[in-house]
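Asker: Position 369 of the sequence shown, counting from 1, maps to 383 under full-length UniProt numbering, and the rest follow consecutively.
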Amino acid sequence: AQNRLLIKNGKTVNENEIVEQDVYVEDGIIKQLGRNLLIPGGTRVIDARGKYVIPGGIDPHTHMQFEFMGTTSVDDFYQGTKAAVAGGTTMIIDFVVPKQGESILDSYYAWRQKADDKVCCDYGLHVALTSWNDKVKGEMKTLCEKHGVNSFKMFMAYDFYLKDDELYGAFQRCRELGALAQVHAENGLIIKKNVEKLKAFGVTGPEGHEMSRPECIEAEAVNRACVISKQVNAAICFDNISTGQSAEMIKKHQTPGATIYGTTLVSNLALVGDSQNMKTITSPPLRSNPDIPDQIWGYLASDVLQLTGSDHCTFTREQKEMGKGDFSKIPNGVNGVEDRMSVIWEKGVHSGIIDPCRYVAITSTNAAKLFNVYPRKGCIAVGSDADIVVWNPSKTRVISSKTHNIAIDFNIFEGMECHGVPEYVIVNGRVCVDEEQLRAVQGHGKFVETPCWAPFIYAPEKMDELTAPKNNGALNEIELTNKLAKIELEPKLCITPT
Ligand code: URP
Ligand code: ZN
Ligand code: ZN
15 AQNRLLIKNG KTVNENEIVE QDVYVEDGII KQLGRNLLIP GGTRVIDARG
65 KYVIPGGIDP HTHMQFEFMG TTSVDDFYQG TKAAVAGGTT MIIDFVVPKQ
115 GESILDSYYA WRQKADDKVC CDYGLHVALT SWNDKVKGEM KTLCEKHGVN
165 SFKMFMAYDF YLKDDELYGA FQRCRELGAL AQVHAENGLI IKKNVEKLKA
215 FGVTGPEGHE MSRPECIEAE AVNRACVISK QVNAAICFDN ISTGQSAEMI
265 KKHQTPGATI YGTTLVSNLA LVGDSQNMKT ITSPPLRSNP DIPDQIWGYL
315 ASDVLQLTGS DHCTFTREQK EMGKGDFSKI PNGVNGVEDR MSVIWEKGVH
365 SGIIDPCRYV AITSTNAAKL FNVYPRKGCI AVGSDADIVV WNPSKTRVIS
415 SKTHNIAIDF NIFEGMECHG VPEYVIVNGR VCVDEEQLRA VQGHGKFVET
465 PCWAPFIYAP EKMDELTAPK NNGALNEIEL TNKLAKIELE PKLCITPT
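(1) Is H140 close to ligand 3? I mean its beta-carbon at under 7 Å from any heavy atom of the ligand.
(2) Do V37 and V67 come within 8 Å of each other at the CB atom, strictly closer than that value?
(3) Look at the alpha carbon of C251 and the alpha carbon of C446, and state the distance between them as a whole number of angstroms.
(4) Confirm the yes/no value for this check: CB of N254, any heavy atom of ligand 2, distance under 7 Å.
(5) What are the partner residues of C432, as DSSP defines its beta bridges?
(6) Ends of the beta strand (DSSP E) at F91?
(7) Find the nearest neighbour of V246 within the set A184, V197, I205, judged by alpha-carbon distance.
(8) Among residues of its own chain, excluding the 5 on either side of R390, which ones have a beta-carbon nearer than 7 Å to its beta-carbon?
(9) Is F109 close to ligand 3? I mean its beta-carbon at under 7 Å from any heavy atom of the ligand.
(10) Can you name the start and end residues of the beta strand (DSSP E) that R189 belongs to?
(11) Where does I21 fall in DSSP's three states?
(12) Measure the C-alpha to C-alpha separation of T95 and V348 and round it to an integer number of angstroms.
(13) Here's a check: name, in chain order, each residue in its chain whose Cβ is nearer than 6 Å to the Cβ of H223, leaving out the five neighbours to either side.
(14) Which residues share a DSSP beta bridge with F109?
(15) With three or more beta-carbon pairs closer than 8 Å as the criterion, would you say the segment 47-59 touches the segment 228-238?
(16) Measuring alpha carbon to alpha carbon, tell me which residue in R301, V435, C327 is nearest N425.
(17) Indicate whether K334 and K293 have their beta-carbon atoms separated by less than 8 Å.
(18) Contact check, I306 vs N291 under 8 Å by CB: the rounded distance?
(19) Which residue or residues does DSSP assign as beta-bridge partners of H75?
(20) Closest to L321 by CA distance: which of L212, G102, W146, H75 is it?
(21) Just to confirm the assignment, what range does the beta strand (DSSP E) spanning N282 have?
(22) Helix, strand or coil for A62, going by three-state DSSP, please let me know.
(23) Under the DSSP definition of a beta bridge, which residues are partnered with F82?
(24) How should Y123 be labelled, buried or exposed, when 16 other C-beta atoms within 10 angstroms of its C-beta is the threshold for buried?
(25) Quickly, what does DSSP pair A195 with across the bridge? List them, please.
(26) Taking the C-alpha atoms as reference points, what is the distance between K506 and K416?
(27) With DSSP as the reference, identify every bridge partner of R49, one or two as the case may be.
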């Protein structure tokens, strides 16, 4: 029957182990694991011999149907999640980006409206703070308590960036609410000066984009956000680390007691930027320095960075042409939601940098943990949602815009051969890729609440640690309130294996 499924003879992969065992699914949930399971007659059987059975990918960084830079990204929540499923991703977390001054609550409702009836897989939402005031502060609480939002995004670039004191307030508010602060780290004011200067020198082509946003512009912002977050002991996650320089900065700040995570993007892990190509313009830029992908892989393998996203935000050739003669008007964003799983397998596992367990961690488990939907998502375990991919590591496919499922007329990974093919993709118990045939269903996905973490107060184990380096140089509120503050645990927001 449709609601029962046995995946036989495969190897399940979780972040910590690979086990030869079968997986029995009923009504969208993993019900049994093991060999020789007793299961009801009439159950559909999928043979996974020689294949891996992995948790569906979670892409924590997408922008479907996003009004941005005078146009709208063309993959909506239907086409974008259909493509996600085709590639082995079974949950996305998209960004609500309110217009400046708009109610963040209203903007959240608008995003739900865009997505709810369209999504082919489950989805969650982060909410960006594009202005900072008391109303925003109040609405953050409502979003956390009533609407299943546990992460807020602050841009340090674009017209809607937050100033340092606003970041301070926003980070502090996140900490009070038990939410995660996510950061797009690039120094927007300096980028603006660089753009003016380049234009004055007559630079108009796409090469101006990377020239205006060098690596140090990102690394400086990363450093600044780390310092500010430490002042208020907030947990932060950078959501598009594109250079070794900024990963090194994160590493420097990952001191005991600090809660700093980093997401990198599939494009940064796999591509070297061609500065003349307006189709690959995204921010931070794809770096033309050919050493960058190896550098980032190193930080991802060693857990300085923990997550991989796509930043899927697609504009057609024609939309990209809006920036002809003025590189600062090229709509920023590239594809990736469909190809992330294959490209990361190819560049990470097939090439021998990481093993399948780490692959599962960086494509699924860590995102589930960080956004607090683990172990419901992000693992193959009894009781978890049946979001499962049967991954065939010995098949290959070549990425091409001729066969992809997204709405644009090119693909930044065009021609890349990838070992590793999602033969079956099971979304909440339903087979949505069946022997490589896409059978995604509009509206099959649901909004998934990402509950807040317990609000955390940094608390040293011993009082004499109050002035030790562990307090990260923050004004210590426990001291300031004359030791009246209730001592709680270390920040609970933690994605290291328990
Ligand atoms: O260039 C990009 N990445 N566009 C989407 C907006 C953002 O910065 O995430
Ligand atoms: Zn961004
Ligand atoms: Zn983005």
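Note that the Cβ used here is the ideal one computed from N, Cα and C, for glycine as well.
Answerer: On the basis of the coordinates in this document:
(1) Position 126 of the sequence shown holds residue 140. For ligand 3, not one heavy atom lies less than 7 Å from the Cβ of H140.
(2) Here residue 67 corresponds to residue number 53 of the sequence shown, with the count starting at 1. Here residue 37 corresponds to residue number 23 of the sequence shown, with the count starting at 1. It is a contact, given that the beta carbons lie within the stated cut-off.
(3) In the sequence shown, counting from the first residue as 1, residue 251 sits at position 237. In the sequence shown, counting from the first residue as 1, residue 446 sits at position 432. Straight-line Cα distance between these residues: approximately 31 Å.
(4) In the sequence shown, the residue the question calls residue 254 occupies position 240. Within the cutoff, so yes.
(5) As a working note, residue 432 is residue 418 in the sequence shown. Note: C432 sits in a beta bridge opposite R411.
(6) Sequence index remark: in the sequence shown, residue 91 carries index 77 (1-based). F91 -> not in any beta strand (DSSP E); alpha helix (DSSP H) instead, spanning 91-100.
(7) In the sequence shown, residue 246 corresponds to position 232, counting from 1. Ranking the options by Cα distance to V246, first place goes to A184.
(8) Residue numbering aside, residue 390 sits at position 376 when the sequence shown is read from its first letter. Counting only Cβ-Cβ distances below 7 Å, and skipping sequence neighbours, we find S398, D399.
(9) Within the sequence shown, residue 109 is the residue found at index 95, counting from 1. Yes - ligand 3 has a heavy atom lying nearer than 7 Å to the Cβ of F109.
(10) As a working mapping, residue 189 is identified with position 175 in the sequence shown. That residue, R189, is in no beta strand (DSSP E); its alpha helix (DSSP H) goes 178-191.
(11) Residue numbering aside, residue 21 sits at position 7 when the sequence shown is read from its first letter. Looking at I21 - three-state DSSP - the assignment turns out to be strand.
(12) The residue given as residue 95 occupies position 81 in the sequence shown. The residue given as residue 348 occupies position 334 in the sequence shown. Approximately 15 Å, taken between the alpha carbons.
(13) Numbered from its first residue, the sequence shown carries residue 223 at position 209. Within the same chain, H223 has close Cβ partners I295, P299, F341.
(14) As a first step, residue 109 must be located in the sequence shown, where it is residue number 95. Looking at the DSSP assignment, F109 forms a beta bridge with H140.
(15) no
(16) Position 411 of the sequence shown, counting from 1, holds the residue named residue 425. Comparing Cα positions, the closest option is C327.
(17) Walking along the sequence shown from the start, residue 334 turns up at place 320. Walking along the sequence shown from the start, residue 293 turns up at place 279. Yes, the pair counts as a contact, with Cβ atoms nearer than the cut-off.
(18) In the sequence shown, counting from the first residue as 1, residue 306 sits at position 292. In the sequence shown, counting from the first residue as 1, residue 291 sits at position 277. 16 Å between Cβ atoms; not a contact.
(19) For the purposes of this step, residue 75 is taken as the residue at position 61 of the sequence shown. In DSSP, H75 forms no bridge with anything.
(20) Counting from one through the sequence shown, the residue named residue 321 turns up at place 307. Checked all of L212, G102, W146, H75; the closest Cα to L321 is H75.
(21) Position 268 of the sequence shown, counting from 1, holds the residue named residue 282. Run containing N282: none in the beta strand (DSSP E); it sits in the alpha helix (DSSP H), 280-284.
(22) Counting from 1 along the sequence shown, the entry for residue 62 is found at position 48. Coil.
(23) Taking the sequence shown and counting its residues from 1, the one referred to as residue 82 is at position 68. Answer by DSSP bridge pairing, in chain order: T85.
(24) Along the sequence shown, read from residue 1 onward, the residue named residue 123 stands at position 109. Y123 comes out exposed.
(25) The residue you call residue 195 lines up with position 181 of the sequence shown. Answer by DSSP bridge pairing, in chain order: F166, I250.
(26) Stepping through the sequence shown from its first residue, residue 506 is reached at position 492. Stepping through the sequence shown from its first residue, residue 416 is reached at position 402. Unreliable placement is indicated for K506, whose pLDDT of 43 sits below 50; the coordinate value is still reported in the next sentence. For K506 and K416, the distance between alpha carbons rounds to 46 Å.
(27) As a first step, residue 49 is located in the sequence shown; it is residue number 35 there, counting from the start. The partner list for R49 (beta bridge, DSSP) is empty, contrary to what the question assumes.
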